[in-house]
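Engineer:
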Amino acid sequence: MNERKRTLSVIVKSCENSLQQQQQLSNVLTEGWVLKKSETLKRWNRRFLVIKEQDGEHHLVWGESKYSAVFLGLSSPSSVWVLDASAAVKTYKRGDRRKIELSRRRNKIYLDSIESEQASADIDVHGWYETIGKILREKKIHADTTLIQADLELQKAIDTYKESVETMELLTNGRGWRAASTTSATDLSPDLI
3 MNERKRTLSV
13 IVKSCENSLQ
23 QQQQLSNVLT
33 EGWVLKKSET
43 LKRWNRRFLV
53 IKEQDGEHHL
63 VWGESKYSAV
73 FLGLSSPSSV
83 WVLDASAAVK
93 TYKRGDRRKI
103 ELSRRRNKIY
113 LDSIESEQAS
123 ADIDVHGWYE
133 TIGKILREKK
143 IHADTTLIQA
153 DLELQKAIDT
163 YKESVETMEL
173 LTNGRGWRAA
183 STTSATDLSP
193 DLI
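This is how it looks when you write it as structure tokens:
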């Protein structure tokens with residue numbers, strides 16, 4: 003009986019894990035093989051790159067294989083980048099090949115196509131560049147609209163403050179301050195009216 007319960011619990015856990023893996027895969031926006039320049043040795047290594055959306059954030063994840071990139075990459079912060087408004091993407095040409103530079107604050111990642119033929123490599127690089135660029139544009143537009151809304155709220159608060167100061171100045175006659183919100187008509191002496 004105990005062995006049967008253990009077997010059932012293993013089956014249930016396996017199903018739950020499979021479901022979680024499917025949910026993780028369903029959030030994948032783009033995936034594919036690229037050449038990534040290593041940060042320390044500056045060598046070009048073949049990596050599986052995944053752009054996925056998780057909790058409203060876009061993650062750039064890479065690993066030596068598809069499964070390490072998709073599943074294990076999220077546990078290693080060195081192989082995960084959050085694509086946010088502080089990130090930038092550009093292409094540059096080195097020799098006869100076009101490559102991608104991703105930067106965020108002081109960190110940079112360099113990507114190249116795995117294709118050896120120049121025409122297909124340019125198409126591959128352009129596809130990655132467009133995908134990452136679209137995500138970053140959306141993030142920057144959202145950040146800009148948030149800043150504009152914050153500016154409008156700040157301007158409204160400043161205007162409200164100015165109005166309250168003007169009201170207080172009207173209630174004073176050189177004899178001290180009386181706040182308009184706490185002063186009623188019966189509290190005012192004839193000197194202040």
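Residue numbering for the sequence shown follows the numbering used here, beginning at 3 and increasing consecutively.
From the three backbone atoms N, C-alpha and C, an ideal C-beta is built for every residue, glycine too.
Which term fits H144, buried or exposed, when burial requires 16 or more other beta carbons within 10 angstroms of its beta carbon?
Structural biologist: Numbered from its first residue, the sequence shown carries residue 144 at position 142. Exposed: under 16 other Cβ atoms inside 10 Å.
Engineer: What's the gap between the Cα of R107 and the Cα of K92?
Structural biologist: For the purposes of this step, residue 107 is identified with residue 105 of the sequence shown, where counting begins at 1. For the purposes of this step, residue 92 is identified with residue 90 of the sequence shown, where counting begins at 1. If you take the alpha carbons of R107 and K92, they lie about 14 Å apart.
Engineer: Quick one: is Y94 buried, meaning 16 or more other Cβ sit within 10 Å of its Cβ, or exposed?
Structural biologist: In the sequence shown, residue 94 corresponds to position 92, counting from 1. With fewer than 16 other Cβ atoms within 10 Å, it is exposed.
Engineer: Measure from the alpha carbon of I125 to the alpha carbon of each residue in V36, N29, S11, then state which is nearest.
Structural biologist: Counting from 1 along the sequence shown, the entry for residue 125 is found at position 123. It is V36.
Engineer: Checking 8 Å against the spacing of the C-beta atoms, do K38 and I137 come in under that value?
Structural biologist: By one-based count along the sequence shown, residue 38 stands at place 36. By one-based count along the sequence shown, residue 137 stands at place 135. The answer is no: Cβ separation not under 8 Å.
Engineer: Run through DSSP, which three-state label would A89 get?
Structural biologist: Reading the sequence shown from its first residue, position 87 is the one you call residue 89. Strand, per DSSP.
Engineer: What do you reckon, is the C-beta of K39 under 7 Å from a heavy atom of the ligand COA?
Structural biologist: In the structure on display, the ligand COA does not appear, and there are no ligands present to speak of.
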